[in-house]
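Heads up: the structure comes next, in structure tokens.
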Amino acid sequence: MKELFDVAVIGAGLAGILAARDLSQKGHSVVLLEGRDRIGGRTYTTEAFGDQVELGGTYVHWTHPTIWHELQRHDISILPPLNSEKTYWLADGSVHSGTAAEYFETVNPLMMQLVGDAREKFPAPFQVTNTTESDEQSIQDRIQSMKLSTYESDVLKGTMSGLVHSYSEQGIAQLLQGVSGTFGDYSGFFETASFWHLVGGTKRLADAIMAESSATVRLSTPIQSISDNGSHPTVTTRSGEKINARFVITALPINTLGDVTITPELPEAARIMIEEKNPVVASKIYVRVKGEIEPFIAFAPAGKHPINSARVEKRHDGDTLIMCICSDAAAIKADDHDAVEAALRAFVPDIKVVDTASYDWAADEFSQGGWGWYRPGMLTEAAPLMRQPHGRIYFAGSDIASLGAGFIEGAMQTAVVAAREVAAALAKEKD
1 MKELFDVAVI
11 GAGLAGILAA
21 RDLSQKGHSV
31 VLLEGRDRIG
41 GRTYTTEAFG
51 DQVELGGTYV
61 HWTHPTIWHE
71 LQRHDISILP
81 PLNSEKTYWL
91 ADGSVHSGTA
101 AEYFETVNPL
111 MMQLVGDARE
121 KFPAPFQVTN
131 TTESDEQSIQ
141 DRIQSMKLST
151 YESDVLKGTM
161 SGLVHSYSEQ
171 GIAQLLQGVS
181 GTFGDYSGFF
191 ETASFWHLVG
201 GTKRLADAIM
211 AESSATVRLS
221 TPIQSISDNG
231 SHPTVTTRSG
241 EKINARFVIT
251 ALPINTLGDV
261 TITPELPEAA
271 RIMIEEKNPV
281 VASKIYVRVK
291 GEIEPFIAFA
301 PAGKHPINSA
311 RVEKRHDGDT
321 LIMCICSDAA
331 AIKADDHDAV
341 EAALRAFVPD
351 IKVVDTASYD
361 WAADEFSQGG
371 WGWYRPGMLT
381 EAAPLMRQPH
391 GRIYFAGSDI
401 ASLGAGFIEG
411 AMQTAVVAAR
421 EVAAALAKEK
431 D
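Structure, rendered in structure tokens:
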């Protein structure tokens with residue numbers, strides 16, 4: 001007779017490994033299944049230029065309770081990038097420059113127009129249950145309602161470019177909820193999204209969590225289907241192997257769930273969310289440039305430049321490492337050094353690219369896109385359904401998080417909840 005696990009966890013990103021650890025520490029038998037040959041999911045700490053770089057999800061913050069608890073537990077500290085005063089921004093067809101203070105003199109009133117009602121719309125951002133009018137709006141809808149000049153619109157869009165692939169496909173509600181979560185302060189939200197790194201990288205955190213887990217780990221084991229007969233689900237791998245468990249937690253990115261047959265069928269709103277996919281198809285490029293150049297940050301609206309957010313991160317062997325976010329991964333290829341150099345020279349004319357490093361998350365069959373962002377209507381309609389048990393099948397992951405969607409925090413938060421709920425269900429069966 002085949003082994004019956006208490007829980008099968010599908011996906012070894014930070015949500016999956018945390019759920020597996022929590023359940024295994026409660027004494028439950030857990031199998032952790034991952035399609036890739038590594039753990040970490042859409043986080044990816046690797047070596048480039050003889051230095052450590054993060055080519056996937058990176059940023060954490062002490063206001064993120066779940067991840068901060070883990071960092072304290074494992075004695076992992078955080079650090080900021082180099083301080084940059086010089087700021088460049090592309091707006092109304094021209095590149096402008098000044099200090100960070102001068103740039104934000106323009107940005108602040110525009111952002112207040114855009115998200116000033118965040119606390120009103122989401123007074124308790126950790127509880128999102130009812131459909132709101134804002135959830136039907138895209139970011140583009142709200143910007144258009146502000147009736148800005150081209151320059152103002154480009155400045156505003158550029159400020160958000162590190163989070164946006166498509167202003168028309170991404171909902172404004174997730175931004176409003178996120179800003180409400182930082183007490184209505186948009187600058188606080190952006191700091192939590194794009195500033196503080198882990199010392200030792202996200203791999204250090206993932207390894208620390210796994211070191212506490214007794215789950216059976218199966219790498220290079222992609223899943224074909226999950227079937228729940230009411231007494232125990234069966235997970236079928238692409239190779240045809242059947243794995244039985246009392247419960248299943250799937251922590252797969254939303255863009256890959258369409259490749260997995262789930263029986264019984266999910267509710268219609270959840271199926272639509274999976275079919276329409278997470279709209280973010282962006283990329284991150286690390287660029288090594290010659291010499292120790294002046295630290296800077298740069299912004300350009302998505303769709304108006306191949307590099308939409310850039311920041312000097314650190315020095316390396318007499319050179320400088322720049323982190324670039326490209327809102328459209330198809331707009332520029334990291335290995336085309338001439339194209340990357342030309343894009344950066346729009347901001348810093350004499351910059352010289354030495355090397356680049358990147359990872360194509362859109363082409364990766366186990367991600368098929370970037371960080372999670374809800375389309376209009378999904379935050380308050382489909383996502384809550386995805387967080388509910390589907391028989392004996394539970395879901396976790398950053399793409400379906402309430403507060404913290406698209407963040408490492410969101411992934412870990414959903415993992416804690418799913419593990420707690422499955423543990424309670426297992427305890428109830430044993431009573």
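Heads up, the sequence shown is in the UniProt record's numbering, so the first residue is 1 and it goes up one at a time.
Yeah, the Cβ is synthetic: ideal placement off N, Cα and C, and Gly gets one too.
These numbers come from a predicted model, not from an experiment.
Of all alpha-carbon atoms in I400, P65, D154, the one lying nearest the alpha-carbon of D92 is that of D154. The beta carbon of D22 sits closer than 8 angstroms to the beta carbons of A415, V416, A419, R420, A423 from its chain, once the five residues preceding and following it are set aside; these are given in chain order. By the C-beta criterion, the segment 19–35 is judged to be in contact with the segment 1–11, since at least 3 inter-stretch pairs fall below 8 angstroms. Annotation for Q224: the continuous beta strand (DSSP E) segment containing it runs 223–228. In terms of Cβ geometry, A193 and Y59 form a close pair [threshold 8 angstroms]. DSSP, reduced to helix, strand and coil, places D92 outside both helices and strands of the structure shown, so it counts as coil. Straight-line measurement puts the Cα of H337 at about 46 angstroms from the Cα of Q127. Put simply, of T221, L114, G201 the residue whose alpha carbon is nearest the alpha carbon of D185 is L114. Residues of the same chain with a CB within less than 6 angstroms of the CB of M273, apart from the 5 flanking positions on each side, are M378, A382 in chain order.
In this structure, the straight-line span from the alpha carbon of V280 to that of L175 is close to 14 angstroms. The residue among S213, E275, G240 with its C-alpha nearest the C-alpha of N255 is E275. Burial check for A329: the Cβ neighbour count within 10 Å reaches 16 or more, so the residue is buried. Between the C-alpha atoms of F366 and L55 there is a straight-line separation of about 15 angstroms. The straight-line gap separating the alpha-carbon atoms of T236 and K242 is approximately 5 angstroms. According to the DSSP assignment, P233 belongs to the beta strand (DSSP E) that extends over 233–237. Bounds of the beta strand (DSSP E) holding S358 are 353–358.
In terms of Cα proximity to V179, the closest of P123, P349, V164, L79 is P123. The shortest C-alpha to C-alpha distance from S225 to any of I307, I393, C324 is the one to I393. Secondary structure of M160 (DSSP, three-state): coil. Under DSSP, H316 takes part in a beta bridge, and its partners are D319.
Under the three-state reduction of DSSP output, D259 falls in the helix class.
Excluding five sequence positions before and after Q137, the CB atoms of its chain that fall closer than 8 angstroms to its own CB belong to G171, I172, A173, P376, given in chain order. As DSSP reads the structure, L33 sits in a beta bridge with I10, R218.
When DSSP states are grouped into helix, strand and coil, H74 belongs to the helix group. In the structure shown, the three-state DSSP call for H69 is helix. In this structure, N308 sits near G162, with a CB-CB distance shorter than 8 angstroms.
Shown here, D51 sits in a strand according to DSSP, grouped into three states. In chain order, Y167, S168 place their CB closer than 7 angstroms to the CB of Q140, counting only its own chain and leaving out the 5 sequence neighbours on each side. For N244, the enclosing beta strand (DSSP E) stretches over residues 242–250. When the Cα atoms are used, L79 and E3 turn out to be separated by approximately 45 angstroms. For R288, the enclosing beta strand (DSSP E) covers residues 283–289. Secondary structure note for Y394: its beta strand (DSSP E) is the uninterrupted segment 393–395.
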